[in-house]
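To start, the structure itself, in structure tokens.
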Amino acid sequence: MATRSYGWVSEVSAVWRKDLRAEFRTKYAINALIMFAVTTLTVVSFSIGPYAIAREVMAALLWIILFFSAMSGLSRAFIHEEETRTVNALRLSARPSVVLVGKLAFNISLLIMLEAVVVPLFLILMNLHIGNYSLFLLVLVLGTMGLAGATTIIAAIIAKASSKGALFAVLSFPILLPLLVMAINGTKLAINGAPVAEGLPEVRMLISYTVVMVTASLMLFEFVWNE
Amino acid sequence: MFWQILLGLWMTLVIAGAFLYAPPAEGLGELSRIAFFHIPVAWVAVLAFLVSMINSVQYLRRRNLDNDLQAAISSELGLAFAILATITGSIFAKATWGSYWNWDPRETSIFVLLLIYGAYFALRSAIEGEERRASLSAVYSIVAFVTVPFLVFVAPRVYYSLHPDPLVNTRGSLDMDARMLQVFFASLLAFTGLYVWIYRLHLAIARLGLKVGATGQTATSGHSEAHTKEG
Chain D
1 MATRSYGWVS EVSAVWRKDL RAEFRTKYAI NALIMFAVTT LTVVSFSIGP
51 YAIAREVMAA LLWIILFFSA MSGLSRAFIH EEETRTVNAL RLSARPSVVL
101 VGKLAFNISL LIMLEAVVVP LFLILMNLHI GNYSLFLLVL VLGTMGLAGA
151 TTIIAAIIAK ASSKGALFAV LSFPILLPLL VMAINGTKLA INGAPVAEGL
201 PEVRMLISYT VVMVTASLML FEFVWNE
Chain S
1001 MFWQILLGLW MTLVIAGAFL YAPPAEGLGE LSRIAFFHIP VAWVAVLAFL
1051 VSMINSVQYL RRRNLDNDLQ AAISSELGLA FAILATITGS IFAKATWGSY
1101 WNWDPRETSI FVLLLIYGAY FALRSAIEGE ERRASLSAVY SIVAFVTVPF
1151 LVFVAPRVYY SLHPDPLVNT RGSLDMDARM LQVFFASLLA FTGLYVWIYR
1201 LHLAIARLGL KVGATGQTAT SGHSEAHTKE G
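Taken in order, these protein sequences are the chains called D and S. Sequential numbering from 1 applies to the first sequence in the numbering used here. Sequential numbering from 1001 applies to the second sequence in the numbering used here.
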């Protein structure tokens, strides 16, 4: 069992590394993500620059930017396989659960790269001071996990459909709404400098949301992947 | 035929009872009468979602396209009832709280239900091939269903609810007058019956469409034809 689970982990990391390598050759997804995020950020910052807005609104703005940027790039992981016709090869060489977790890890990596650029820029451009950095980072990381965890299976679904681009956001939004609400709430608390203990309900909900979504994805992914 | 006539009479009684028999609620007055229609319609919208989800699970287990047909039909009905619930709720909101829409937790959840139904049909129309369409939309329907409990928990944390207490509330007591309860449960039964009737009618038509298609061509192309007729 130990060797088998080791095998599973190394297979997952093989899929993850394959995707990262393919991504760094073209830099298609990461460019799309970051450029989209920076453009949105610029529009937001430019249009509300002259007005003083409440600090609480900043949390909502940050997550709206992250949500739409994620929508512009995260479906890439599966669409890419369909476009280059490598789906069958991947289907032959890896188990469904391995593919799903590998792609999930890749999507999380993409989002972390995105946030490394966008979040500092956001803080600078919006002139925002965070009251509690550890809660802020905790919510950001958990929100990222949930965002990727819920959208990876949607990406797999829409890769098989026509009109992929528009459909991804349409299908993802109703599913992501609870996550967005929790993440915005948690970020709001962090901006106001609440102690971590006060944000615990949000943190707990974010964790359970992610666990539930990833478990459901693992159970259902086979039906999508083998279609 | 017997059941349809019975349902028609029953519905007439419910409508008459809602306006003439049941007393107006304290505080809300005559406005409370909308509850006899609004709550059953909302209940059916959720029931249809549940039926659709169960059929989706059954489809993935048995790969029987009939389950997919049932899931799609139930979703269509659910969408219609969800729209009715949204409209009746919105009218009530305008009359009591002064605005048609203010993101009350219950308004949020019915709105998300509408979005899920919309996304479900957008997905269905974007996939070629009925087996692929069936399994992908089944997966989406299940994933969407899984998130609903989170929404129920999350939404009240953001906006305070002005919505009247649910019928069976946390105190475990029923706040309705006996006559109101009679009308309310009769209405619940009537609307559930209406749902079952339309559902079965729809299903019979879709199955007949399958059969008609199957005589001329292969069974699979007939199925897709029935689907396009379904819209």
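Glycine is no exception: its CB is placed at the ideal position from the N, C-alpha and C atoms.
For A1119/S, go through chain D and note every residue whose CB falls closer than 9 Å to its CB, in chain order.
Against the second sequence, residue 1119/S aligns to sequence position 119. Going along chain D in sequence order, the residues near A1119/S (Cβ under 9 Å) are L167, V170, L171, S172, F173, P174 and I175.
Pairwise C-alpha distance: T1147/S and M213/D:
By one-based count along the first sequence, residue 213/D stands at place 213. By one-based count along the second sequence, residue 1147/S stands at place 147. Roughly 8 Å separates the two Cα atoms.
S1125/S lies in the alpha helix (DSSP H); which residues open and close that run?
Sequence index remark: in the second sequence, residue 1125/S carries index 125 (1-based). First-last of the alpha helix (DSSP H) with S1125/S: P1105 to S1125.
Would DSSP call G131/D helix, strand or coil?
Position 131 of the first sequence holds residue 131/D. In the structure shown, G131/D sits in coil (DSSP, three-state: anything other than H, G, I, E or B).
What are the start and end residues of each continuous alpha helix (DSSP H) run of 4 or more residues lying completely inside the stretch 64-123 of chain D, in chain order?
Counting only runs of 4 or more residues that sit fully inside the stretch 64-123 of chain D, the alpha helix (DSSP H) segments are 76-83 and 87-93, in chain order.
Using the three-state DSSP reduction, which class does G199/D fall into: helix, strand or coil?
Locating residue 199/D in the first sequence gives position 199, where the first residue counts as 1. In the three-state reduction of the DSSP assignment, G199/D falls in the helix class.
Identified DSSP bridge partners for A1025/S:
Within the second sequence, residue 1025/S is the residue found at index 25, counting from 1. For A1025/S, which the question treats as bridged, DSSP gives the partners G1029/S.
Can L33/D and S75/D be called in contact, C-beta distance under 9 Å?
Start at 1 with the first residue of the first sequence, and residue 33/D comes out as number 33. Start at 1 with the first residue of the first sequence, and residue 75/D comes out as number 75. Cβ atoms of L33/D and S75/D: not closer than 9 Å.
Looking at the structure shown, is D1177/S part of a helix, part of a strand, or coil, going by DSSP?
What you label residue 1177/S is simply residue 177 of the second sequence in a count that begins at 1. It is coil, neither helix nor strand.
Report the rounded CA-to-CA distance for N1169/S versus V1152/S, giving the unit in angstroms.
By one-based count along the second sequence, residue 1169/S stands at place 169. By one-based count along the second sequence, residue 1152/S stands at place 152. Because the pLDDT at N1169/S is just 46, under 50, the model does not fix this residue reliably, and the point stays unresolved.
Taking the C-alpha atoms as reference points, what is the distance between G131/D and K27/D?
Position 131 of the first sequence, counting from 1, holds the residue named residue 131/D. Position 27 of the first sequence, counting from 1, holds the residue named residue 27/D. Their Cα atoms are separated by approximately 35 Å.
Beta carbon of L1084/S nearer than 9 Å to that of A1045/S
Working through the second sequence from its first residue, we reach residue 1084/S at position 84. Working through the second sequence from its first residue, we reach residue 1045/S at position 45. Their beta carbons are under 9 Å apart, which means L1084/S touches A1045/S by this criterion.
Is the beta carbon of V15/D sitting closer than 9 Å to the one on L111/D?
Here the question's residue 15/D lines up with position 15 in the first sequence. Here the question's residue 111/D lines up with position 111 in the first sequence. No, they are not a contact pair.
How long is the line joining the alpha carbons of G102/D and G149/D, rounded to whole angstroms?
In the first sequence, residue 102/D corresponds to position 102, counting from 1. In the first sequence, residue 149/D corresponds to position 149, counting from 1. Cα-Cα distance, rounded: 11 Å.
With a cut-off of 9 Å, does the C-beta of Y1140/S fall near any C-beta of chain D?
As a position in the second sequence, residue 1140/S is number 140, starting the count at 1. True, the Cβ-Cβ gap to chain D drops below 9 Å.
Closer than 8 Å by beta-carbon distance: list the chain S residues that pair up with A37/D, in chain order.
The residue labelled residue 37/D in the question sits at position 37 within the first sequence. Neighbours of A37/D on chain S: none; closest Cβ ~24 Å, over 8 Å.
Pull up the CB-CB distance for L1114/S and T1086/S, whole angstroms please, since I reckon it's below 8 Å.
Locating residue 1114/S in the second sequence gives position 114, where the first residue counts as 1. Locating residue 1086/S in the second sequence gives position 86, where the first residue counts as 1. Yes, they are in contact, since the Cβ atoms of L1114/S and T1086/S sit about 7 Å apart, within 8 Å.
Look up S1052/S in the DSSP assignment and say whether it is helix, strand or coil.
The residue given as residue 1052/S occupies position 52 in the second sequence. Helix at S1052/S.
For the alpha helix (DSSP H) containing W1097/S, list its first residue and its last residue.
Residue numbering aside, residue 1097/S sits at position 97 when the second sequence is read from its first letter. Run containing W1097/S: L1065 to W1097, per the alpha helix (DSSP H) assignment.
Residues that E227/D contacts on chain S, provided the C-beta gap is smaller than 7 Å
Taking the first sequence and counting its residues from 1, the one referred to as residue 227/D is at position 227. Chain S residues near E227/D: R1132, S1135 and L1136.
In chain D, which residues lie less than 7 Å from I1116/S when you measure between Cβ atoms?
For the purposes of this step, residue 1116/S is taken as the residue at position 116 of the second sequence. Correct list: P174.
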